[in-house]
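Student: Dumping the structure here so I can ask a few things about it.
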Amino acid sequence: MDIKEKVLLALENKKGEYLSGEALSVELGVSRQYISKIIKALSAEGYDIRSSTNRGYLLSQSCDLLSAAVIKSEAGVKVYCFASVDSTNRAAKEIFGREGECLVVCERQTDGVKKDGSYFPSPQSAGLYMTAAIAIDMPADRLKNYREQCAFAVKLAVEQACGCVAEVKNTDDIYVGGEKVCGIFTECMLNAATMRTECAFIGVGIYTGKAEGVTAYVSGAESRNRLAADIFLKLKEIK
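Residue numbers for the sequence shown follow this note's numbering, so the first one is 281 and each next one is one higher.
So, in structure tokens, the structure goes:
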């Protein structure tokens, strides 16, 4: 993790509170001028950071940009964060082939896909669009049960994030208050010789804000970064 990522993580951990620039410089072993330069760079990227001469820096509670560094600090996995990607499932497959287990998140998908192959609308910054690429070893006849377990894991994470009761319908859809807020698309890599699954790509699309075409969404105090990490950790617990 580089200095910029460490500054962002420190601000995220104290979100809504002022963090002294001097304390940051001492903790990270760099000058206050360098901290100021990083803050300006983060602000240019869209982070809502307030500065006060006597108090330091504060990351606004309303700022909810996705960050690979923040998610990785919670989930403990390689995280790839994109402003835009055609499909997080497709990206995760490519990355898994090179580097193994990973989590792919993005602000927008241009060609998101539902489990039936139809288009999944993924508007800019109105949702959490992610795919967890997880190595698993299980017989093919367990896959239906695995899909159900994945949906239940996402349900628990959604409930924790929004503080409301959610339910699973149609195996892979999450509903809150009778409205669909999340879809899950699980694909697996199967070894034809052993008929055992070697990897699962669990695509999750959760609407978290208003946008054209979005009729229902979850809201709560938990950030999208924390929600992404929570989902990944719950999926990893499935045996």
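Beta carbons: idealized from backbone N, C-alpha and C, even for Gly. Bear in mind that the values here come from a model prediction, so they are computed numbers and not experimental data.
(1) Looking at Thr411: is its Cβ nearer than 7 Å to the Cβ of Ala372?
(2) Just list the beta strand (DSSP E) runs in the segment 341–414, keeping only unbroken ones of 3 residues or longer that don't cross its boundaries, in chain order.
(3) If you run the structure through DSSP and keep just helix, strand and coil, what is Asp421?
(4) Where does Glu297 fall in DSSP's three states?
(5) In terms of residues, what are the limits of the alpha helix (DSSP H) holding Ala446?
(6) Measure the Cβ-Cβ separation of Tyr360 and Val384 and say whether it is below 7 Å.
(7) Examine the Cβ distances between the segment 488–508 and the segment 400–420 and report whether three or more of them are shorter than 8 Å.
(8) Hey, would you say Tyr487 sits closer than 7 Å to Val461, going by beta carbons?
(9) So, is the C-beta of Ala303 closer than 7 Å to a C-beta in chain C?
(10) Does DSSP put Ile318 in a helix, in a strand, or in coil?
(11) Using DSSP with H/G/I as helix, E/B as strand and the rest coil, what is Lys460?
(12) Here's a check: name, in chain order, each residue in its chain whose Cβ is nearer than 7 Å to the Cβ of Val448, leaving out the five neighbours to either side.
(13) May I ask which residues mark the beginning and end of the alpha helix (DSSP H) holding Ala508?
(14) Which residue marks the beginning of the beta strand (DSSP E) containing Gly336, and which one marks its end?
(15) Return the bridge partner residues of Thr466 from the DSSP annotation.
(16) What residue range is occupied by the uninterrupted beta strand (DSSP E) comprising Ser331?
(17) Spatial neighbours of Ser332 within its chain, please: C-beta separation below 7 Å, excluding the five flanking residues on both sides.
(18) Going straight from the alpha carbon of Ser402 to that of Gly483, what length do you get?
(19) Determine which residues share a DSSP beta bridge with Arg476 and list them.
(20) Which whole-angstrom value is the C-beta distance of Leu304 and Ala324, which I expect to be below 8 Å?
(21) Mapping the DSSP letters down to three states, classify Tyr497 as helix, strand or coil.
(22) With DSSP as the reference, identify every bridge partner of Asp453, one or two as the case may be.
(23) Using beta-carbon positions only, say whether Val357 and Glu379 come within less than 7 Å of one another.
(24) Counting C-beta neighbours from all protein chains within 10 Å, is the total for Gly377 16 or more, i.e. buried, or is it exposed?
Tutor: Result, derived from the coordinates:
(1) As a position in the sequence shown, residue 411 is number 131, starting the count at 1. As a position in the sequence shown, residue 372 is number 92, starting the count at 1. Cβ atoms of Thr411 and Ala372: closer than 7 Å.
(2) Runs of the beta strand (DSSP E) inside the segment 341–414: 359–362, 382–386.
(3) In the sequence shown, the residue the question calls residue 421 occupies position 141. The answer is helix: DSSP assigns Asp421 an H, G or I state.
(4) The residue labelled residue 297 in the question sits at position 17 within the sequence shown. Glu297 falls in the coil class under three-state DSSP.
(5) To locate residue 446, count along the sequence shown from 1; it is residue 166. Premise fails: Ala446 lies in the beta strand (DSSP E), 446–449, not in any alpha helix (DSSP H).
(6) As a position in the sequence shown, residue 360 is number 80, starting the count at 1. As a position in the sequence shown, residue 384 is number 104, starting the count at 1. Yes; because the gap between Cβ atoms is below 7 Å, this pair is in contact.
(7) yes
(8) To locate residue 487, count along the sequence shown from 1; it is residue 207. To locate residue 461, count along the sequence shown from 1; it is residue 181. Yes; because the gap between Cβ atoms is below 7 Å, this pair is in contact.
(9) Here there is only one protein chain, and chain C is not present.
(10) Taking the first residue of the sequence shown as position 1, residue 318 is located at position 38. DSSP places Ile318 in helix when its eight states are reduced to three.
(11) Locating residue 460 in the sequence shown gives position 180, where the first residue counts as 1. Looking at Lys460 - three-state DSSP - the assignment turns out to be strand.
(12) Working through the sequence shown from its first residue, we reach residue 448 at position 168. The beta carbon of Val448 sits closer than 7 Å to those of Ala431, Phe432, Lys435, Ile454, all from its chain and outside the five residues before and after it, given in chain order.
(13) Position 228 of the sequence shown, counting from 1, holds the residue named residue 508. Start and end: 504–516.
(14) Here residue 336 corresponds to residue number 56 of the sequence shown, with the count starting at 1. Segment 336–339, the beta strand (DSSP E) holding Gly336.
(15) Here residue 466 refers to the residue found at position 186 when the sequence shown is read from its first residue. When beta bridges are read from the DSSP output, Thr466 appears opposite Ile482.
(16) As a first step, residue 331 is located in the sequence shown; it is residue number 51 there, counting from the start. That run of the beta strand (DSSP E) goes 329–332.
(17) The count along the sequence shown starts at 1 and reaches residue 332 at position 52. Hits under 7 Å: Tyr298.
(18) Mapped onto the sequence shown, residue 402 falls at position 122. Mapped onto the sequence shown, residue 483 falls at position 203. Cα to Cα, the separation comes out at about 12 Å.
(19) Counted from its first residue, the sequence shown places residue 476 at position 196. Pro419, Asn471, per the DSSP bridge assignment.
(20) Counted from its first residue, the sequence shown places residue 304 at position 24. Counted from its first residue, the sequence shown places residue 324 at position 44. So it is not a contact: roughly 18 Å between Cβ atoms.
(21) What you label residue 497 is simply residue 217 of the sequence shown in a count that begins at 1. If DSSP states are grouped into helix, strand and coil, Tyr497 belongs with coil.
(22) Position 173 of the sequence shown holds residue 453. Answer is Lys449, Gly463.
(23) Your numbering for residue 357 matches position 77 in the sequence shown. Your numbering for residue 379 matches position 99 in the sequence shown. Their beta carbons are not under 7 Å apart, which means Val357 does not touch Glu379 by this criterion.
(24) For the purposes of this step, residue 377 is taken as the residue at position 97 of the sequence shown. Result: exposed.
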